[in-house]
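Comments concern the structure below.
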Amino acid sequence: MRANNYFFNRAIIALVMLFSITGMSSQAVADEMPAPQALVKASTDKMKKSLEDNKLQLKADPDLIYGLVTDVLMPHFDFEKMAKLALGKNWRGLSAAQQLRFTDEFRLLLIRTYSTAMLEYSDQEIRFLPFRDDVKTKKVQVDMDIIQTGGPAIPMSLSLYENKNDAWKVYDVKIDGISLVTNYRSTFATEIRNDGVDQLIQRLASKNVKVKI
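Residue numbers (this note's numbering): 125 to 337.
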């Protein structure tokens with residue numbers, strides 16, 4: 125996964141900025157936004173408040189961040205859909221049990237990645253761009269620019285769809301037009317080709333142990 129480090133670092137920086145939105149009150153902004161955009165705004169504001177409210181506890185025990193991320197952000201993600209994107213054509217070759225195991229470990233991988241970054245976040249500014257999709261299609265993209273001091277803005281977008289329960293779920297994150305989820309695909313494909321899917325799952329599991337505690 126070393127070959128993807130540059131992209132992952134940019135992606136995580138952008139995600140951390142997204143999770144530290146400042147400015148107008150959540151309700152005031154949410155009232156003016158389409159449902160998917162309002163969901164992104166509300167959940168990120170809630171994450172920022174959780175980080176602030178638990179600042180001392182997190183300093184004493186950084187592992188508490190895993191629970192905060194799981195409780196606040198992860199309910200808005202569709203991990204099975206993300207796992208399918210990350211494996212691409214290899215997904216169809218997995219047994220039902222392997223699909224379940226991989227999805228769970230991929231979920232924990234994302235929680236671990238986001239959590240590590242959030243422990244080092246600092247206040248940044250985000251600018252939501254005009255919403256151009258039609259929510260009636262039940263598949264939209266929420267676009268935004270992450271404003272960096274002394275540097276160019278980072279284009280970022282979240283892909284969401286409306287599920288059968290009328291809930292909007294995130295299934296991909298794009299930085300500069302590059303998918304965070306599918307960027308794993310080539311690495312995972314190589315590992316599956318060389319060592320098999322069970323070894324890939326085991327490798328992820330060994331790195332995710334701390335998140336399961």
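Just so it is clear, CB atoms sit at the ideal spot from N, CA and C, and this is done for glycine as well.
Per DSSP, reduced to three states, the secondary structure at PHE201 is strand. With the rule of 3 Cβ pairs closer than 8 Å, the stretch 167 to 186 counts as touching the stretch 195 to 207. By the beta-carbon neighbour count (other beta carbons within 10 angstroms, threshold 16), ARG231 is buried. Following the DSSP letters along the chain, one finds PHE312 inside the alpha helix (DSSP H) bounded by residues 309 to 319. For SER283, the uninterrupted beta strand (DSSP E) segment begins and ends at 278 to 286. Excluding its 5 nearest sequence neighbours in each direction, LYS336 has C-beta neighbours in its own chain below 8 Å: LEU232, listed in chain order. In this chain, LYS263 is not harboured by any alpha helix (DSSP H); it is covered by the beta strand (DSSP E) spanning 263 to 271. Cβ neighbours of SER239 within its own chain (closer than 6 Å, five residues either side excluded): ILE189, TYR190 and VAL193.
Look at SER174 here: in three-state DSSP terms it is helix.
The Cβ atoms of GLN222 and VAL321 sit closer than 8 Å to each other. Annotation for LYS298: the continuous beta strand (DSSP E) segment containing it runs 292 to 299. Counted as a single uninterrupted DSSP element, the beta strand (DSSP E) harbouring PHE252 occupies residues 249 to 252.
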